[in-house]
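Right, one structure below, let's go through it.
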Amino acid sequence: MDFAFSEEQEMLRSQARSFVTDRFGAERVAQLAETEAGWDESSWDAMTELGWMGLSIPEEQGGAGFGFLEEAVLFEELGYGLYPGPYFSTVALARRALDGAPEQLKRLASGGSRLTLAWIEGGRAKLLPETGMSTQAQESGDGWTLTGEKHLVPDASAATDVVVVAAGPEGLGLWVARCEDAKIEMDPTMDRTRRLGRIIFDGTPAEQVAGAGDVRSTLERVQMTAYAALALEAVGAGQAAFELAADHVKTREQFGKPIGAYQAVSHQVVDSYIGIELARSLAYWAAWCVAEGDERAPMAAAAAKSFAGEAAVASCERAIQVHGGIGFTYEHPLHRYYKRAQWIDSFDGFGSVQRASVATALLGS
Amino acid sequence: MDFAFSEEQEMLRSQARSFVTDRFGAERVAQLAETEAGWDESSWDAMTELGWMGLSIPEEQGGAGFGFLEEAVLFEELGYGLYPGPYFSTVALARRALDGAPEQLKRLASGGSRLTLAWIEGGRAKLLPETGMSTQAQESGDGWTLTGEKHLVPDASAATDVVVVAAGPEGLGLWVARCEDAKIEMDPTMDRTRRLGRIIFDGTPAEQVAGAGDVRSTLERVQMTAYAALALEAVGAGQAAFELAADHVKTREQFGKPIGAYQAVSHQVVDSYIGIELARSLAYWAAWCVAEGDERAPMAAAAAKSFAGEAAVASCERAIQVHGGIGFTYEHPLHRYYKRAQWIDSFDGFGSVQRASVATALLGS
Amino acid sequence: MDFRDAPEEASFRSELRSWLEENLPDGWRELSPSRTRWNADVSREWSKKLYEAGYVGLTWPKEYGGRAAPYTHQAVFLEEMVRAEAPEHIGVIGLGMAGPTIISHGTDEQKNRHLANILSGDEVWCQGFSEPGSGSDLASLRTKAVRDNDHFVVNGQKVWSSFAHIADWCILLVRTDPDAKKHQGITYLLVDMHSDGVDVRPLNQMSGEPEFNEIFFSDVRVPIENVLGEVNAGWGVAMTTLLHERGTLGFALTSRLEVAMNKVVTLARETGAERDPLIRDRIARHWVELQGLKFTNYRALTTLVKTGVPGPEGSIAKLFWSESNQRLTKLALEIMGPRAQLDGDEGIWDGYWQYQQLRSRGNTIEAGTSEVLRNIIAERVLGLPRSR
Amino acid sequence: MDFRDAPEEASFRSELRSWLEENLPDGWRELSPSRTRWNADVSREWSKKLYEAGYVGLTWPKEYGGRAAPYTHQAVFLEEMVRAEAPEHIGVIGLGMAGPTIISHGTDEQKNRHLANILSGDEVWCQGFSEPGSGSDLASLRTKAVRDNDHFVVNGQKVWSSFAHIADWCILLVRTDPDAKKHQGITYLLVDMHSDGVDVRPLNQMSGEPEFNEIFFSDVRVPIENVLGEVNAGWGVAMTTLLHERGTLGFALTSRLEVAMNKVVTLARETGAERDPLIRDRIARHWVELQGLKFTNYRALTTLVKTGVPGPEGSIAKLFWSESNQRLTKLALEIMGPRAQLDGDEGIWDGYWQYQQLRSRGNTIEAGTSEVLRNIIAERVLGLPRSR
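Chains as they are written, first to last, in this note's numbering: chain A, 1 to 365; chain B, 1 to 365; chain C, 1 to 388; chain D, 1 to 388.
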């Protein structure tokens with residue numbers, strides 16, 4: 001029973017903290033958020049060089065052969081720094097669908113691809129589809145083609161490749177396509193550092209990576225990994241907002257005292273501290289369960305995502321409140337953490353959706 | 001548009017306030033709560049003399065010919081004073097089922113009866129029964145007899161007569177029986193000033209007061225009147241707890257200051273004030289709607305009961321908290337308000353049950 | 001007690017309802033649940049129309065263009081505006097704050113000059129109270145005005161000023177005696193925003209849109225007759241303004257909340273969320289809260305009508321409204337599920353709720369933070385000891 | 001990071017699990033979800049059994065009867081006690097507060113005299129800190145002790161003292177220098193509760209049952225060798241006690257919450273409330289919170305194991321536990337619906353939840369009010385300025 005990261009993992013954390021604070025301070029993130037691309041493509045090469053793309057990819061495919069626990073450290077730190085770029089969509093979503101596609105993993109580890117996952121269609125938004133899909137995969141020569149439209153695809157314009165949930169002749173399956181072969185339209189997204197878009201496939205060539213037999217289990221793995229990753233990001237973002245709040249109330253004076261001396265202010269900061277610490281514990285537990293393939297992983301990940309998403313939102317809201325007017329302006333960084341926290345909170349449904357899964361595990365359906 | 005009680009109603013309020021504070025101060029209520037009877041039977045005669053029993057009963061049956069708005073004033077004040085006795089069960093529950101029984105109203109107005117309503121059976125607890133009832137009414141000579149067992153009957157041992165929801169040959173109906181003809185067993189109730197009991201009928205003679213044709217509408221009237229009355233009582237009880245809290249924090253000192261100077265304390269008292277004021281507005285609105293037979297009455301009464309019940313519970317909880325240890329003792333009066341507030345909150349289901357009715361009115365079922 | 005309209009209220013209501021039906025801008029209702037919010041030109045035109053029909057300044061004295069109607073007519077007016085989802089008058093600050101303060105403290109000349117123009121929308125007003133260094137602690141303000149013969153010369157910076165970019169006039173608090181105690185060296189000025197040396201810069205809020213502004217004053221000359229009340233006695237005058245900001249305005253805000261509540265019901269129907277028991281419970285909770293708030297306002301109003309002083313319950317309005325509006329707008333996003341992040345054209349209703357939700361976070365900060373308002377209720381309404 | 005048991009943890013767990021299965025009092029599990037709670041005789045016997053099997057004082061030094069096991073064994077112990085729904089050791093105050101304080105500050109003689117007896121349950125302890133006039137402001141205490149040769153003579157009154165009616169010993173704070181500053185004239189005494197002049201009177205709590213007591217001291221003579229730490233330096237010693245009360249005890253309280261959580265699930269199943277989506281959401285919320293609290297405790301524990309100092313997260317345990325327990329017990333009543341008012345024999349599970357719900361209101365008051373604990377986190381953990 002040991003609830004601490006290893007020394008190596010802590011070194012990775014320091015590395016990641018330096019990376020985001022040196023390259024992606026609040027001002028830089030704000031600048032990038034206003035650009036058309038929304039991110040700094042050169043950061044991908046830097047992160048590849050640091051070995052981050054292949055962290056959990058086996059050595060034979062050019063990765064480092066570590067697991068999700070190492071990636072967990074990065075998710076928390078990239079959340080803290082609000083890193084804008086397709087790391088979440090690549091590593092938490094698409095990469096989890098590629099264990100049966102060694103060539104894809106090789107490309108990813110070498111920095112040759114950036115990925116995302118497309119699962120949502122008009123009217124259906126759940127990550128685990130109950131039935132059918134209007135996006136169709138058809139056999140064509142020795143390969144496949146995809147036709148259909150996917151919505152709310154994270155970081156669609158930053159990705160080079162996309163894993164698609166589609167209906168094939170044998171039932172649901174997963175295919176990978178090149179983004180350049182499809183049409184991509186980005187939508188206005190509240191969180192400008194993690195945008196959503198539509199991808200339209202029209203006879204787009206694709207390669208199958210999971211068939212009807214294992215699509216469900218693959219998507220379950222994607223879902224729990226995404227939940228855990230988002231919980232960690234939420235902890236990072238919520239922690240950053242909490243730190244801004246704590247620093248501000250120590251120095252801002254009103255009525256002759258720092259406002260942190262008023263309980264109506266200080267107790268809000270305490271509640272953020274408590275919320276984020278509990279969220280952190282849940283997120284680490286979920287990360288470990290996912291990394292180890294523990295049987296509690298789906299429940300732990302759902303629990304962590306629901307709690308951490310809400311805790312991060314609340315931490316940002318309290319931070320805005322104790323900052324007063326300045327925290328409500330566009331020029332202050334707080335709203336960026338807030339929008340990321342809300343992005344996380346809304347992913348695959350707000351907290352009550354994940355709590356419904358927890359309830360099913362506890363009480364039956 | 002006028003949101004104030006009339007001068008006459010305000011005089012009635014003063015009269016009621018004097019009655020409860022002179023005769024039923026916190027110490028007296030505490031004494032009575034520990035007796036076997038649980039109340040002071042002589043108070044009934046005094047209240048009858050004040051004309052309270054017949055307030056809403058037509059003059060031809062010996063009443064004053066006023067309406068529910070006058071009774072509303074009493075419910076709030078009796079809640080403030082935690083009056084122990086079957087006023088709620090008589091006036092808010094049973095009396096509303098007796099409009100078609102002028103002789104019963106006459107007896108009530110003259111102080112000749114104290115009433116309650118018996119609707120719950122094992123396994124079914126809703127005031128508006130969906131179907132069936134195991135308690136049976138059978139014709140017998142020129143009258144009726146009742147057989148069956150009713151649970152959770154308010155103030156069962158203090159009542160002389162009971163209105164019973166039972167199944168007759170034509171379907172559900174309402175009958176009145178004498179309590180002395182039935183077997184009454186009181187149950188341990190958290191609120192010792194408003195106890196619940198079981199009444200067992202075994203061929204008990206009874207008089208029919210509503211038949212299958214109007215039982216549903218009668219029970220709907222009972223329900224909305226009970227909700228409004230309980231909302232008013234909750235306002236009274238919650239107000240009393242709020243006042244105890246406000247007084248305490250002005251005088252109790254810790255760290256060299258009255259504790260009301262600490263925002264963590266004073267803001268709790270403010271939140272109680274807000275909760276009770278909103279509850280009061282809802283309760284008055286509901287009372288007016290019920291008094292006038294306004295079409296919004298069922299929705300207003302459900303809204304008021306759900307909000308006021310929860311506001312009163314919260315007001316008591318904050319009062320206990322700011323009192324510290326002393327507020328948690330049996331000898332302090334606070335727990336009596338708290339238990340009454342919880343009694344109200346649990347009546348016919350906690351707040352979410354009434355909110356479900358509100359939602360149906362707003363959104364359809 | 002009677003929740004029905006008295007006869008003259010009923011006739012006022014029916015006259016107003018017909019008027020609104022005939023006069024609402026074309027296609028307004030269809031437009032309203034979209035992000036398209038506030039357009040100064042449309043708003044000015046609408047304000048004028050309302051004024052000419054006699055619906056602005058209902059409770060103001062007749063000699064200043066008002067109608068001297070009872071306060072209950074104002075309540076009827078707000079209810080009908082909600083029912084019609086009608087746009088608001090442009091002069092929020094003038095009608096709710098500057099006007100009532102001028103009525104209380106102004107000279108006849110000031111009243112004659114400004115009040116009718118406020119009602120007609122010909123003068124748009126803004127507020128110059130807050131400064132970067134003085135938020136909740138308003139009396140620590142440092143913008144200074146120095147007497148120069150028959151003028152004050154103003155230098156300093158104000159912030160969080162809505163409408164300043166289109167305003168003609170400003171109610172401005174300045175320090176005129178730096179040696180006096182904090183509350184005793186403040187003067188309340190009426191400042192022409194078209195004066196030389198006034199520079200307005202928009203401040204973007206979280207959603208990216210401007211709404212608030214900074215105002216910079218550099219040697220702005222304000223004639224001495226534009227002092228409202230007495231020199232160095234501006235703090236008391238400012239209290240009148242704040243009382244109206246938190247009281248009367250809170251009343252109007254409750255009407256806005258009712259509009260939003262109705263829109264949430266529509267949203268739940270459109271998305272199918274109306275079948276989710278968790279959403280149903282929360283919608284019902286909001287509806288109940290809203291009725292509680294509305295009728296609490298009415299109780300305070302009745303006290304005002306009967307005694308001339310609003311009931312203490314009025315202090316609740318702005319505080320509770322702001323927290324309720326935050327919960328309601330968040331509920332709207334939750335109803336949208338994963339689509340909650342889609343803003344603008346692709347969002348449901350053009351990102352209406354995305355804007356409203358972000359905007360709502362300012363509600364507990366502007367016009368008295370929730371922390372300050374709870375202190376005020378604790379101290380002034382409940383008589384608890386001071387916590388500062 | 002590894003949430004699995006290390007090999008020696010696994011073997012400890014399996015040994016303990018078998019032991020509990022064999023040794024739990026007959027019918028205990030069937031009895032436990034009823035109001036029948038706490039019986040001193042059963043509890044003493046059980047405590048002795050636990051002690052003799054070596055399960056008490058797992059982390060205490062061997063020379064005082066402990067097992068010198070790593071702290072993780074204590075966590076395993078608590079988990080297994082929850083799993084078995086086993087009764088607790090009678091010596092809550094001795095094990096959690098008096099014992100650790102004596103280990104930190106006691107003389108060898110004091111350690112030898114008391115520690116083993118605390119573990120075995122032969123000495124039951126109570127706490128004499130709070131007074132009617134000094135609740136959160138503990139240092140304002142007025143119970144005084146005057147030196148008389150080799151004794152202190154104690155006079156005064158303490159309150160909120162659990163177990164005092166069956167206690168053999170008391171950790172008592174007294175004022176020994178009335179002229180010193182508030183925190184500097186306090187001495188920490190170990191007092192034999194069987195001494196002349198000690199009078200214990202039960203205080204009934206809201207539910208009507210006694211649990212707390214008042215203790216009156218009239219010329220009680222306490223030998224000078226029963227001073228813990230130095231004379232007039234009792235405040236620092238008391239801080240050690242409070243740290244353990246809120247830290248270690250908070251850890252154990254989380255285990256209790258887990259037992260309660262499991263019972264709520266059972267209740268929801270028995271009543272059919274498990275099908276209500278509102279109840280399902282709340283149960284899930286509680287379960288999630290509970291895991292968060294439990295693993296936060298484990299994180300603090302890991303820090304303690306690695307560095308010898310518990311992590312700052314530990315300060316959360318008692319505060320969050322108390323508020324969570326209040327919500328959970330209220331949920332249980334709501335699950336019962338209109339039957340929630342039925343207490344005692346006629347209630348579901350003999351009024352178990354009715355008692356628990358009322359009892360829970362004390363949780364945010366005893367052992368540091370939530371207000372004080374938030375101040376402590378603000379000031380000591382987050383470094384915010386003092387708010388008093």
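Glycine is no exception: its CB is placed at the ideal position from the N, C-alpha and C atoms.
What you are looking at is a predicted structure, and each value in this text was computed from that prediction instead of being measured.
- Would you please verify whether the beta carbon of C/Arg280 is less than 8 Å from any beta carbon of chain B? yes
- Message: In this structure, how does DSSP classify C/Arg175 when only helix, strand and coil are distinguished?
- Response: strand
- Message: Measuring straight from C-alpha to C-alpha, what distance separates D/Gly208 and B/Ala241?
- Response: 19 Å
- Message: Does the region 119-126 of chain C come into contact with the region 168-185 of chain C, if we say contact requires no fewer than three beta-carbon pairs (one atom in each stretch) closer than 8 Å?
- Response: yes
- Could you list which residues in chain G have their beta carbon closer than 7 Å to that of D/Pro277, in chain order? Here chain G cannot be found, since the structure's protein chains are A, B, C and D.
- Any chain C beta carbon closer than 8 Å to A/Ile320: yes
- Message: For a cutoff of 8 Å on Cβ pairs, would you count A/Pro188 as touching chain C?
- Response: yes
- Beta-carbon spacing of C/Leu203, C/Phe212 below 8 Å: yes
- Message: On the DSSP letters alone, give me the boundaries of the alpha helix (DSSP H) that C/Met239 sits inside.
- Response: 234-246
- Query: Taking C-beta to C-beta, are D/Phe188 and D/Gly156 nearer than 8 Å?
  - Reply: Here residue 188 of chain D turns out to be Tyr, not Phe, going by the sequence shown. Result no, Cβ atoms of D/Tyr188 and D/Gly156 do not sit closer than 8 Å.
- Task: Determine whether the Cβ of B/Leu152 lies closer than 8 Å to any Cβ atom of chain D.
- Result: yes
- Are the CB atoms of D/Ser387 and A/Ser272 nearer to each other than 8 Å? no
- Message: Taking the alpha-carbon of A/Gly168 as reference, which of A/Glu139, A/Thr189, A/Thr193 has the nearest alpha-carbon?
- Response: A/Glu139
- Do you know how far the Cα of B/Asp155 is from the Cα of B/Glu34? 15 Å
- Task: Work out the CA separation of D/Asn375 and A/Ala264 for me, nearest whole Å.
- Result: 11 Å
- Cross-chain neighbours of B/His372 in chain D, by beta carbon under 7 Å: The structure shown does not extend to residue 372 of chain B, since chain B is modelled only from 1 to 365, so the question has no answer here.
- Query: Any idea if C/His286 is buried or exposed, counting beta-carbon neighbours within 10 angstroms, 16 or more meaning buried?
  - Reply: buried
- Message: Give me the chain B residues within the contact set of A/Ala264, using Cβ-Cβ distance strictly less than 7 Å, ordered along the chain.
- Response: Gln263, His267
- Of the residues D/Gly234, D/Val174, D/Gln356, D/Thr271, the one placed nearest D/Arg327, counting alpha carbons only: D/Gln356
- Message: So, under 8 Å CB-CB, B/Ala286 and B/Ala231 are touching, yes? Tell me the CB distance rounded to an integer number of Å.
- Response: 6 Å
- Query: Which class does C/Gly96 belong to by DSSP, given the choice of helix, strand or coil?
  - Reply: helix
- Message: If I follow the unbroken alpha helix (DSSP H) through D/Pro210, where does it start and stop?
- Response: That residue, D/Pro210, is in no alpha helix (DSSP H); its beta strand (DSSP E) goes 210-223.
- Give me the Cα-Cα distance between D/His73 and D/Gly57, rounded to the nearest whole angstrom. 11 Å
- Message: Is there a Cβ of chain D sitting closer than 8 Å to that of A/Tyr227, yes or no?
- Response: no
- Task: Could you tell me whether the Cβ of D/Val231 comes closer than 8 Å to any Cβ of chain B?
- Result: no
- Query: Can you tell me where the beta strand (DSSP E) with C/Gly4 in it begins and where it stops?
  - Reply: Contrary to the premise, residue 4 of chain C reads as Arg rather than Gly in this sequence. Note, C/Arg4: premise wrong, no beta strand (DSSP E); not H, not E.
- Using the rule of at least 16 other Cβ atoms within 10 Å of the residue's Cβ for burial, across every protein chain shown, is C/Arg147 buried or exposed? exposed
- Item | Closest by C-alpha distance to B/Phe350, when choosing among B/Ala303, B/Ser365, B/Asp161 | B/Ala303
- Segments of 3+ residues assigned as beta strand (DSSP E) that fall wholly inside the region 80-160 of chain A: 115-118, 136-140, 143-154
- Task: Flag A/Trp343 as yes if its beta-carbon sits less than 8 Å from any beta-carbon of chain C, otherwise no.
- Result: yes
- Alpha-carbon spacing of B/Glu41 relative to B/Gly111, whole angstroms: 11 Å
- Locate the beta strand (DSSP E) running through C/Lys144, then write down its first and last residues. 144-148
- Message: On the DSSP letters alone, give me the boundaries of the alpha helix (DSSP H) that A/Lys374 sits inside.
- Response: Not covered by the structure: residue 374 of chain A. The range shown for chain A is 1 to 365.
- Task: Quick one: grab the DSSP three-state call for B/Gly275.
- Result: helix
- Query: Under 9 Å Cβ-Cβ, which residues of chain B neighbour D/Ile365?
  - Reply: Ile320, Gln321, His323, Gly324, Gly325, Gly327, Phe328
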